[in-house]
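Going down the list, the protein sequences come from chains H and W. Heads up: the first sequence begins at 1 in the working numbering, then just goes up one per residue. Heads up: the second sequence begins at 155 in the working numbering, then just goes up one per residue. Glycine included, every Cβ here is placed at the ideal spot set by N, Cα and C.
Number of protein chains: 2
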Amino acid sequence: MRNISDIIEEYLKKIMHSNQHKIIEIKRSEIADRFECVPSQINYVINTRFTLEKGYLVESKRGGGGYIRISRITNEDKAQLIDEIIEMIQPKISQLKAVNILERLLEEELITKREAKLMVNAIDRNTLPFQLPLRDEIRARIMSAMLNALKYEI
Amino acid sequence: MRNISDIIEEYLKKIMHSNQHKIIEIKRSEIADRFECVPSQINYVINTRFTLEKGYLVESKRGGGGYIRISRITNEDKAQLIDEIIEMIQPKISQLKAVNILERLLEEELITKREAKLMVNAIDRNTLPFQLPLRDEIRARIMSAMLNALKYEI
DNA sequence: GATAATATCTGATATATTCCGCATTTTCCC
DNA sequence: GGGAAAATGCGGAATATATCAGATATTATC
Chain H
1 MRNISDIIEE YLKKIMHSNQ HKIIEIKRSE IADRFECVPS QINYVINTRF
51 TLEKGYLVES KRGGGGYIRI SRITNEDKAQ LIDEIIEMIQ PKISQLKAVN
101 ILERLLEEEL ITKREAKLMV NAIDRNTLPF QLPLRDEIRA RIMSAMLNAL
151 KYEI
Chain W
155 MRNISDIIEE YLKKIMHSNQ HKIIEIKRSE IADRFECVPS QINYVINTRF
205 TLEKGYLVES KRGGGGYIRI SRITNEDKAQ LIDEIIEMIQ PKISQLKAVN
255 ILERLLEEEL ITKREAKLMV NAIDRNTLPF QLPLRDEIRA RIMSAMLNAL
305 KYEI
């Protein structure tokens, strides 16, 4: 007998694959009712089986009209490269090194010129009003966040 | 089944876009009757979905002959729009308002989905490890820097 | 059997929607 | 000029929905 988490996971993947766009939108309470468990059980299933590393993007909205939306996403090689870059820049990175990384991504056509310029501006020393080493730490955080946004196509 | 606020929002946007000048004038009570909700529900929809950050201007008149008028703010000049947004967000901006601005720029096709996502991640509260109001101030600076990168074509 | 990993649920918290009850403004009529 | 009708605005309560930390239970591994 499998556990309720496996059953819910299987159900969600089934309805996702039957959807041409590989995207589903659910209400926690409805799924919980259907499988006779508490609503936060759905959170557990989603947080453990539908992660970015496994190729899913989860978005949600609280309150009346709330929902949970799960999308399938792709492009593992690029994701891996970006993960390596993110790991490289922890826990802080200088502006010069950051710009070099962005130039590399531009050369490999993983980002556009506009995106490069946007990111360069976001992490410029004039944008971040802190002393070193805090400025380099904040720069690493912002850089990582932006790179994370590039890992997958939707 | 979606909630009544989303339905009213969609209806208002539809009649606005079918209008060449992107301006509509409504009576609260008429819309409320049409969608079978209380009149103040219209206030809620307008106050949350038709904000300045999202590119709308709302005017109204109470009393007999009262109305609500909603206009789409149009900007012929992209650089001017971005300058106005940069001015709007000084000296600090909340994450919600920033996201609304980016959605507006996305709607007007001034930025791509990827660029929007990149910027949303850069200014997310999880990226900026500060207490309020400093976090909103840093957010404004990063946002301004990124918007400045978009003012002109490369 | 001890420990680690995973699963399930509780209770608190965050966010969004809907409506109530009243305030305010404007127009019309006597 | 005053009162009634026609209109919108708003603070707050109630309700609807999701997330999350942590406690506890179950299962897996050694």
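Within 9 Å of any Cβ in chain H, is that where the Cβ of Val362 of chain W sits?
Chain W is shown only over 155 to 308; residue 362 of chain W falls outside these bounds and no answer can be derived.
Under three-state DSSP, which class holds Ser94 of chain H?
Here residue 94 of chain H corresponds to residue number 94 of the first sequence, with the count starting at 1. Coil.
Through-space distance from Ile138 of chain H to Ile277 of chain W, alpha-carbon basis:
Position 123 of the second sequence, counted from the first residue, corresponds to residue 277 of chain W. Position 138 of the first sequence, counted from the first residue, corresponds to residue 138 of chain H. Whole-angstrom Cα-Cα distance: 12 Å.
According to DSSP, which residues form a beta bridge with Ser71 of chain H?
Counting from 1 along the first sequence, the entry for residue 71 of chain H is found at position 71. Answer by DSSP bridge pairing, in chain order: H:Ile23, H:Leu57.
Buried or exposed, going by whether 16 or more other CB atoms sit within 10 Å of the CB of Leu166 of chain W?
Residue numbering aside, residue 166 of chain W sits at position 12 when the second sequence is read from its first letter. Per the 10 Å Cβ criterion, buried.
Tell me the residue span of the alpha helix (DSSP H) that contains Ala79 of chain H.
If you number the first sequence from 1, residue 79 of chain H lands on position 79. Start and end: 76-89.
At the 9 Å Cβ level, is Ile142 of chain H part of the contact set with chain W, yes or no?
For the purposes of this step, residue 142 of chain H is identified with residue 142 of the first sequence, where counting begins at 1. Judged by the 9 Å Cβ criterion, Ile142 of chain H is in contact with chain W.
Stretch pair the segment 253-264 of chain W + the segment 198-218 of chain W: three plus CB contacts closer than 8 Å
yes
Which value, in whole angstroms, describes the spacing of the CA atoms of Leu118 of chain H and Met297 of chain W?
Translated into the one-based positions of the first sequence, residue 118 of chain H becomes position 118. Translated into the one-based positions of the second sequence, residue 297 of chain W becomes position 143. Answer to the nearest angstrom: the Cα atoms are 10 Å apart.
Under 8 Å, CB to CB, which of the residues in the segment 64-80 of chain H have a partner in chain W?
Gly64, Gly65
Spatial neighbours of Tyr67 of chain H in its chain, beta-carbon cut-off 8 Å, leaving aside the 5 residues before and after:
Position 67 of the first sequence holds residue 67 of chain H. For Tyr67 of chain H, where only same-chain residues beyond five positions count, the Cβ hits under 8 Å are Glu25, Ile26, Lys27, Ser60, Lys61.
Does the segment 182-191 of chain W touch the segment 155-163 of chain W, meaning 3 or more C-beta pairs lie closer than 8 Å?
yes
For Gln249 of chain W and Arg279 of chain W, which I take to be in contact (beta-carbon distance under 8 Å), what is that distance rounded to the nearest angstrom?
Along the second sequence, one-based indexing puts residue 249 of chain W at 95. Along the second sequence, one-based indexing puts residue 279 of chain W at 125. Arg279 of chain W and Gln249 of chain W do touch by the CB rule: their CB atoms are close to 5 Å apart, below 8 Å.
Name the two residues that bound the continuous alpha helix (DSSP H) containing Ile138 of chain H.
Sequence index remark: in the first sequence, residue 138 of chain H carries index 138 (1-based). Element bounds for Ile138 of chain H: 134-150.
Taking the alpha helix (DSSP H) that Asn280 of chain W belongs to, which residues open and close that run?
Counting from 1 along the second sequence, the entry for residue 280 of chain W is found at position 126. Segment: none, Asn280 of chain W is in no alpha helix (DSSP H) and carries neither H nor E.
Determine which residues share a DSSP beta bridge with Glu164 of chain W and list them.
On the second sequence, residue 164 of chain W is found 10 positions in, with the first residue counted as 1. Its beta-bridge partners do not exist; DSSP assigns none.
Amino acids of chain H, ordered along the chain, whose beta-carbon sits closer than 8 Å to that of Arg216 of chain W
Along the second sequence, one-based indexing puts residue 216 of chain W at 62. Ordered by position in chain H, no residue passes the 8 Å Cβ test against Arg216 of chain W, which lies about 28 Å from the chain.
Thr202 of chain W lies in the alpha helix (DSSP H); which residues open and close that run?
In the second sequence, counting from the first residue as 1, residue 202 of chain W sits at position 48. Start and end: 194-203.
Between Glu269 of chain W and Glu115 of chain H, what straight-line distance do the alpha-carbon atoms span, to the nearest angstrom?
In the second sequence, the residue the question calls residue 269 of chain W occupies position 115. In the first sequence, the residue the question calls residue 115 of chain H occupies position 115. Roughly 7 Å between the two C-alpha positions.
With Ile185 of chain W as the anchor, note down where its alpha helix (DSSP H) starts and where it stops.
Within the second sequence, the letter at position 31 stands for residue 185 of chain W. Run containing Ile185 of chain W: 182-189, per the alpha helix (DSSP H) assignment.
If we cut at 9 Å on Cβ distances, does Ile101 of chain H have a partner in chain W?
Working through the first sequence from its first residue, we reach residue 101 of chain H at position 101. No, no contact with chain W.
Within 9 Å of any Cβ in chain W, is that where the Cβ of Ala32 of chain H sits?
Here residue 32 of chain H refers to the residue found at position 32 of the first sequence. For Ala32 of chain H, the answer is no, since every Cβ of chain W falls outside 9 Å of its Cβ.
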